[in-house]
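J.:
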Amino acid sequence: MSHTFKGCRHPRGYMDEDPSVSINAIKRSYTIVDEICDRDRAGATELADALGLPKSTVHNHLRTLATLGYLVEEDGTYRLGARYLHLGQKSRNSRAVFQHGRDAVEALAAQSGRYCQLAVEENGETVVIQSTRWVPDEGARPAQQTYPMRAHLHTNAPGKALLAHLPSERITAVIDRTGLDSRTELTVTDEDDLRSELETIREQGYAVDRGELVSGMLGVAAPIATERTVHGAVAAYGAGHEMREALDEGLPDLVKETADDIRADIVFDSLE
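So that you can map any letter, position 239 of the sequence shown is 241 in the numbering used here, and since no number is skipped, the others follow by simple counting.
1) Among residues of its own chain, excluding the 5 on either side of Arg-45, which ones have a beta-carbon nearer than 6 Å to its beta-carbon?
2) Within the continuous beta strand (DSSP E) that includes Arg-81, where are the two ends?
3) Look at the alpha carbon of Gly-161 and the alpha carbon of Ser-96, and state the distance between them as a whole number of angstroms.
4) Grab me the residues of Ala-163's own chain with a C-beta within less than 7 Å of its C-beta, minus the 5 sequence neighbours each way, in chain order.
5) Secondary structure at Glu-75, three-state DSSP: helix, strand or coil?
6) State the Cα-Cα distance for the pair Asp-18 and Lys-92, rounded to the nearest angstrom.
7) Taking the alpha carbon of Leu-55 as the point to measure from, which residue in Ala-68, Glu-37, Asp-42, Arg-43 has its own alpha carbon closest?
8) Since I believe Thr-260 is in contact with Leu-110 (beta carbons under 8 Å), could you give me their beta-carbon distance rounded to a whole number of angstroms?
9) What first and last residue would you give for the beta strand (DSSP E) that runs through Glu-127?
10) What residue from Glu-76, Thr-33, Ala-175, Ser-133 has the CA that sits closest to Val-122's CA?
11) On the three-state DSSP scale, how would you describe Met-219?
12) Roughly how many angstroms separate the alpha carbons of Ser-170 and Gly-115, rounded to a whole number?
13) How many Å lie between Gln-113 and Trp-136 at the Cα?
14) Grab me the residues of Val-60's own chain with a C-beta within less than 8 Å of its C-beta, minus the 5 sequence neighbours each way, in chain order.
15) Using only CA atoms, which one of Thr-186, Glu-187, His-167, His-156 lies nearest to Asp-178?
16) Starting from Arg-212, follow the beta strand (DSSP E) in both directions and report where the run begins and ends.
17) Alpha carbon to alpha carbon, how far is Gly-103 from Lys-57?
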């Protein structure tokens, strides 16, 4: 049976049979969705074994999520449905930082020749909402994801740029919540060292990733911050000796200029 969805609303009456949906059931559904996301696709038995849940429970959640359009069943396995794409696009497109930053990030990719990102902070994590590379004779193209779309703030350049400009109590809360896990041997895992680096970031206006999230991937990022709000961060990434040279030359200033231009557009728009 097919279902047509309009906007962000579910099919009419989809909760009529059981109006008292429990919090634990909702959490379980999202746990199942996360596991499918990690595996690309999975069946009920595989998921039940991985999550330590009864197969019948998993199967019920899978069928419900498929009915609502969040999962698609193919040959006994399930994958994420396109409804998540719709929701993700709505979330991204509604952000002022994306509306004002999309073209600027593409221009940065063209000017620098780097893999460029626009990222935001959400629940103590870096979330990449745009990743762009410049292809000669073709223009801006979405970049293939050799870099995670979500990561703890302390492990990457845009995350550290964002973290440095959060209020002090938020910085403490983020560290307490996520911890300072290590992704590579270069990840900063000592709180005193991290706080010292955050101070340097505030002073110089940009953050550097020297392979702290993905070995060999180097990057620089600058915050997009107004007086009361940290809207996001712009980053440029690359690999190898050429990128090391770029970090020591003009790339940080170019990234800072891009972030400043986006910030100015956001401020100007708010005054209209």
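Glycine is no exception: its CB is placed at the ideal position from the N, C-alpha and C atoms.
T.: Taking the coordinates as given:
1) Here residue 45 refers to the residue found at position 43 of the sequence shown. The question names Arg, yet the displayed sequence has Gly at residue 45. Excluding residues within five positions, the ones whose Cβ falls inside 6 Å are Gly-78, Thr-79.
2) Position 79 of the sequence shown, counting from 1, holds the residue named residue 81. Its beta strand (DSSP E) spans residues 79-82.
3) Here the question's residue 161 lines up with position 159 in the sequence shown. Here the question's residue 96 lines up with position 94 in the sequence shown. Near 21 Å, if we compare the C-alpha coordinates of Ser-96 and Gly-161.
4) On the sequence shown, residue 163 is found 161 positions in, with the first residue counted as 1. The answer, listed in chain order, is Ile-203, Tyr-208, Ala-209, Ala-223, Ala-224, Pro-225, Ala-235.
5) As a first step, residue 75 must be located in the sequence shown, where it is residue number 73. Three-state DSSP puts Glu-75 in a strand.
6) Stepping through the sequence shown from its first residue, residue 18 is reached at position 16. Stepping through the sequence shown from its first residue, residue 92 is reached at position 90. Note that Asp-18 scores a pLDDT of 45, beneath 50, so its modelled location is shaky; the value from the coordinates is reported in the next line. Those two C-alpha atoms are separated by around 26 Å.
7) Against the sequence shown, residue 55 aligns to sequence position 53. If we check each option's Cα against that of Leu-55, Glu-37 comes out closest.
8) For this step, residue 110 is matched to residue 108 along the sequence shown. For this step, residue 260 is matched to residue 258 along the sequence shown. Rounded, the Cβ-Cβ distance is 5 Å, consistent with contact.
9) Position 125 of the sequence shown, counted from the start, is the residue given in the question as residue 127. Residues 127-137.
10) Counting from 1 along the sequence shown, the entry for residue 122 is found at position 120. Minimum Cα distance to Val-122 is reached at Ser-133.
11) By one-based count along the sequence shown, residue 219 stands at place 217. Three-state result, Met-219: strand.
12) Within the sequence shown, numbered from 1, the residue matching residue 170 stands at position 168. Within the sequence shown, numbered from 1, the residue matching residue 115 stands at position 113. Roughly 35 Å between the two C-alpha positions.
13) Working through the sequence shown from its first residue, we reach residue 113 at position 111. Working through the sequence shown from its first residue, we reach residue 136 at position 134. Rounded to the nearest angstrom, the two C-alpha atoms are 9 Å apart.
14) Taking the first residue of the sequence shown as position 1, residue 60 is located at position 58. Taken in chain order, the residues that qualify are Ile-34, Ala-46, Leu-49, Ala-50, Leu-53.
15) For the purposes of this step, residue 178 is taken as residue 176 along the sequence shown, with counting starting at 1. Cα-wise, what sits closest to Asp-178 is His-156.
16) Taking the first residue of the sequence shown as position 1, residue 212 is located at position 210. Note, Arg-212: beta strand (DSSP E), 209-212.
17) Mapped onto the sequence shown, residue 103 falls at position 101. Mapped onto the sequence shown, residue 57 falls at position 55. Going from the Cα of Gly-103 to the Cα of Lys-57 covers about 45 Å.
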